[in-house]
Amino acid sequence: MTTALLVTLTTVAVLGVILQSLVLLHVWRNHQELAEKFRDSGHRLQQVEQELSALCSASVGAGDHVVKLEHQVHRIIERQDMLELRAGSERPYSQASQLVNKGADIDELVDTCGLTRGEAELLVMMQRGSA
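In my numbering, each residue's number is its place in the sequence shown (first place is 1) plus 1.
Right, here's the structure in full:
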C-alpha cells in the first residue's frame with residue numbers, strides 16, 4: 002500500500018507541477034501582451050505629444066499673424082477716417098464755390114455750407130476775382 006500511496010502522491014505532485022507550469026505560462030503570456038500594449042501606448046503617447054507640440058506652434062504663429070492683421074486693419078481704418086475727414090472738409094468749399102458761380106451771396110454760403118463769415122467772404126472774393 003505504501004507504494005500505491007507513493008505513486009498516487011507522486012502523480013498528484015507531478016500534476017500540481019504541470020498545473021503550476023500551465024498557470025505560469027498563462028501569466029507569462031499575459032505579461033508579454035501587457036508589455037507590448039504598454040510599449041505601443043508609449044509610442045502613441047509620443048506621437049500625440051509631437052502632434053500637440055506642432056499644433057501649439059502653429060497656433061502661436063496664427064496668433065502672431067492675427068495680431069499683425071489687426072494692426073493693419075487698425076491702420077486702414079485710421080487712413081479711411083482721415084480720408085473721410087479730408088473729403089468732408091473739402092466738400093463745403095467745392096459746394097460753396099459752385100454756389101458762388103451761380104450767384105450766391107455771403108449769407109447764403111454761411112447758411113448753406115456751414116462756412117464762417119470770413120471763409121465765405123474770402124471764397125466770394127476769390128471766385129469773383131478769377132471771373
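Ideal Cβ positions, reconstructed from N, Cα and C, are used throughout, including at glycine. On a predicted model such as this, the values are computed, not experimentally measured, just so you know.
What is the C-beta distance between residue i and residue j, in whole angstroms, given that I count them as a contact (C-beta under 8 Å)?
i: V128; j: S98; result: With the sequence shown as reference, residue 128 is identified as Gln, and Val is not the correct amino acid for it. At roughly 6 Å, the Cβ-Cβ gap stays under 8 Å, so Q128 and S98 are in contact.
i: E109; j: L100; result: 6 Å
At the level of alpha carbons, what is the spacing between residue i and residue j?
i: I107; j: Y94; result: 13 Å
i: E71; j: L84; result: 20 Å
i: T9; j: R40; result: 46 Å
i: A121; j: D112; result: 10 Å
i: V13; j: Q33; result: 30 Å
i: M126; j: C114; result: 17 Å
Buried or exposed: where does residue i fall if 16 or more other Cβ atoms within 10 Å of its Cβ makes it buried?
i: V24; result: exposed
i: L26; result: exposed
What first and last residue would you give for the alpha helix (DSSP H) that runs through residue i?
i: D106; result: Where D106 is concerned, there is no enclosing alpha helix (DSSP H), given that its DSSP letter is neither H nor E.
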